[in-house]
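**Student:**
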Amino acid sequence: GVVLTSGWLADRIGARRLLLIVIIMHACYMLISNLIEPLWNRRPVATTVLILWSMMDPTLSAASMPVLMSLCQKHVEGSQFATYMSIVNLSDLLGAFISGQLQQFFPANVIGIGCGVLIIVALITVALSLWWSRKRLRKVKIEMKP
Numbered sequence: 038g039v040v041l042t043s044g045w046l047a048d049r050i051g052a053r054r055l056l057l058i059v060i061i062m063h064a065c066y067m068l069i070s071n072l073i074e075p076l077w078n079r080r081p082v083a084t085t086v087l088i089l090w091s092m093m094d095p096t097l098s099a100a101s102m103p104v105l106m107s108l109c110q111k112h113v114e115g116s117q118f119a120t121y122m123s124i125v126n127l128s129d130l131l132g133a134f135i136s137g138q139l140q141q142f143f144p145a146n147v148i149g150i151g152c153g154v155l156i157i158v159a160l161i162t163v164a165l166s167l168w169w170s171r172k173r174l175r176k177v178k179i180e181m182k183p
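Just so you know, we're using my numbering here: the sequence shown kicks off at 38 and counts up by one.
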């Protein structure tokens with residue numbers, strides 16, 4: 038259902054806005070689900086966390102595809118799509134490997150909280166970068182006026 042509705046949502050609210058919403062939802066999910074780790078042994082909580090987890094990756098992939106495809110050059114869209122999908126799959130494997138290595142030193146919920154924090158840090162970094170670029174662009178436009 039996620040994949041089928043993502044195109045409609047991207048058209049309705051905009052691809053970049055959808056991606057931003059999904060990233061924020063992903064960060065909130067990572068933080069909340071890992072902060073309630075003492076409740077994981079309860080079946081309804083564990084079931085909910087696992088069902089939501091299984092939806093996170095396809096949701097993020099589906100939300101990012103419209104943005105990534107808008108960056109494509111004409112006549113190479115297929116190759117770029119294949120590259121993006123390869124990067125997504127490689128990232129899944131790399132994430133599984135890194136989290137497996139980290140589990141030797143940290144419990145799973147600490148790794149999850151760390152992931153949530155990293156998502157928020159990345160979001161803030163991008164937001165500040167965009168804000169700084171717009172501020173600089175405005176300054177350049179003002180200086181160029183005769």
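Glycine included, every Cβ here is placed at the ideal spot set by N, Cα and C.
Between residue 64 and residue 157, which are expected to be in contact by the criterion C-beta below 8 angstroms, what is the C-beta distance as a whole number of angstroms?
**Tutor:** That belief holds up - the Cβ atoms of residue 64 and residue 157 are roughly 5 angstroms apart, short of 8 angstroms.
**Student:** Any contact of the stretch 87–101 with the stretch 62–76, i.e. 3+ C-beta pairs under 8 angstroms?
**Tutor:** The answer is yes - the stretch 62–76 touches the stretch 87–101, with three or more Cβ pairs under 8 angstroms.
**Student:** Quick test of the definition: if touching needs 3 or more C-beta pairs under 8 angstroms, does the stretch 95–109 touch the stretch 68–81?
**Tutor:** Result no; under three Cβ-Cβ pairs closer than 8 angstroms.
**Student:** Can you name the start and end residues of the alpha helix (DSSP H) that residue 109 belongs to?
**Tutor:** Neither: residue 109 is in no alpha helix (DSSP H) and is coded neither H nor E.
**Student:** Looking only at its chain, what residues have a beta carbon closer than 6 angstroms to the beta carbon of residue 71, apart from the 5 residues adjacent to it on each side?
**Tutor:** If we look at residue 71 and ignore the five residues flanking it on each side, its Cβ neighbours are 146, 149 and 150.
**Student:** Where do the N-terminal and C-terminal ends of the alpha helix (DSSP H) with residue 118 fall, by residue?
**Tutor:** Looking at the DSSP string, the run of the alpha helix (DSSP H) that includes residue 118 is 114–139.
**Student:** Between which two residues does the alpha helix (DSSP H) carrying residue 190 extend?
**Tutor:** This structure leaves residue 190 out entirely; the chain is present only between 38 and 183.
**Student:** Can you tell me which of the three DSSP states residue 144 falls into?
**Tutor:** It is coil, neither helix nor strand.
**Student:** State the DSSP-derived secondary structure class of residue 51, mapped to helix, strand or coil.
**Tutor:** Here residue 51 sits in coil by DSSP.
**Student:** Is residue 74 near the ligand GDP - that is, is its Cβ less than 8 angstroms away from at least one heavy atom of it?
**Tutor:** For the structure depicted, the ligand GDP is absent and the ligand set is empty, with no information on it obtainable.
**Student:** Would you kindly work out how many angstroms separate the C-alpha atoms of residue 51 and residue 85, rounded to a whole number?
**Tutor:** Their Cα atoms are separated by approximately 29 angstroms.
**Student:** Checking 9 angstroms against the spacing of the C-beta atoms, do residue 57 and residue 160 come in under that value?
**Tutor:** In this structure, residue 160 lies closer than 9 angstroms to residue 57 by Cβ.
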